[in-house]
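Down below is the structure, laid out as structure tokens.
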Amino acid sequence: MCPKRRKLEYGEASSDDLSSDWGSESESDSKHIPKPKISAWRKVRSLVTSPFIQTYKKQKYPWVQLAGHQGNFLCGQTQGTILKKLNGTEETCFKLITNDVIKPLVPEYLKTINMNNDSFLELEDLLAKFENPSIMDVKMGVRTYLEDELTKARVRPKLRKDMYEKMIAIDPLEPTEEENTLKAVTKPRYMIWRETISSTASLGFRIEGIKQSNGKALKDFKRTKTEDNVKTAFRRFMESHPHYGIIGSSLLFVHDDKCADIWLIDFAKTYPLPNGIRISHCNEWQVGNHEDGYLIGLENLIRIFTNI
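To get our numbering, take the position in the sequence shown, counting from 1, and add 47.
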């Protein structure tokens, strides 16, 4: 039984639940049947060799959003670009990255434009040079929510029926007796649990989605960049930013028959830390220390790709 709480109220689904990557769950997830537990390494390796696929139709030219909300993206007004719905934090990050060592591994930011009473970032279309590409989106870090999100959710917790339903769709045995009686869970409870069922908490990353061009298992993602190049570039980037937390960012792997590449994407939750706080990006996260575990995920990702 959960500890006794003050009276809670039911809340409706909102757009800020966790990070946007949990906004759309695949049909296969909702029909998941619990299976015997296997190691985190085997789970992640299985995702690479037996991926789920989520693609979008070609319009002016191909682009794919493996995770998130479809409404966040539009085809660009010029060849080789896409429009991403404006997020002020992400816009700031793109501008700062212009003079950073990591710039070659980030989509080029062109400008911010207004269209149809909305604002968008005009970005390089990462798939423009590929024909029928294979794509993998890997969400980095040991958590995908900000500490402030967890704190705010705990201040005025609401019972969420929608989150309870998502929970039992994945694992019917997870809710407590009290939660089953109420048929609802609080957002903090769901936030912490949701990270533990993927490789996010255990390995520091999770595979968000894979799109294959030919339906065959892909085992050569390490060729997109050499291990040393990726490791060196990201370490230099992380070490030069001990005052920033990088939450919910992804690595996007893309290749076709002729070329391959990798990019760092999604900066909506990359933020400056409180004054006096420094993080290593490679220590375990505890509430209050602001660690994001980015380099934990990178090390494990490289190790797994090397062993495939």
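All C-beta atoms in this analysis are idealised placements derived from N, C-alpha and C, irrespective of residue type, glycine included. Computed from a prediction, not measured in an experiment: that's the story for all the values here.
Asked                                                                                                                                                : Found
Give me whichever residues DSSP pairs with Ala307 in a beta bridge.                                                                                  : His302
Buried or exposed: where does Lys213 fall if 16 or more other Cβ atoms within 10 Å of its Cβ makes it buried?                                        : buried
Measuring CB to CB, does Thr191 end up less than 8 Å from Thr317?                                                                                    : no
Can you tell me which of the three DSSP states Ser246 falls into?                                                                                    : helix
Compare the beta carbon distance of Thr128 and Glu196 with 8 Å and say whether it is the shorter of the two.                                         : no
Whole alpha helix (DSSP H) runs in the region 185-232 with 4 or more residues, listed along the chain?                                               : 194-202, 208-217 and 224-229
Could you tell me if Val202 is buried or exposed, where buried requires 16 or more neighbouring beta carbons within 10 angstroms of its beta carbon? : exposed
Are there three or more Cβ pairs, one per stretch, closer than 8 Å when the region 239-259 is compared with the region 340-353?                      : yes
Just the C-alpha distance for Val189 and Cys140, rounded to the nearest angstrom, thanks.                                                            : 21 Å
Going by C-alpha to C-alpha distance, which of Asn163, Leu220, Asn179 and Leu152 sits closest to Ile244?                                             : Leu220
Name the DSSP bridge partner or partners of Pro319?                                                                                                  : Tyr291
Go ahead and pull the three-state DSSP assignment for Lys176.                                                                                        : coil
Taking the alpha carbon of Leu357 as the reference point, which residue from Asp147, Asn161 and Glu242 has its own alpha carbon closest?             : Since the first residue shown for the chain is 48 and the last is 355, residue 357 is missing from the structure and cannot be characterised.
Using DSSP with H/G/I as helix, E/B as strand and the rest coil, what is Glu346?                                                                     : helix
Can you tell me which residues form a DSSP beta bridge with Asn161?                                                                                  : Ser166
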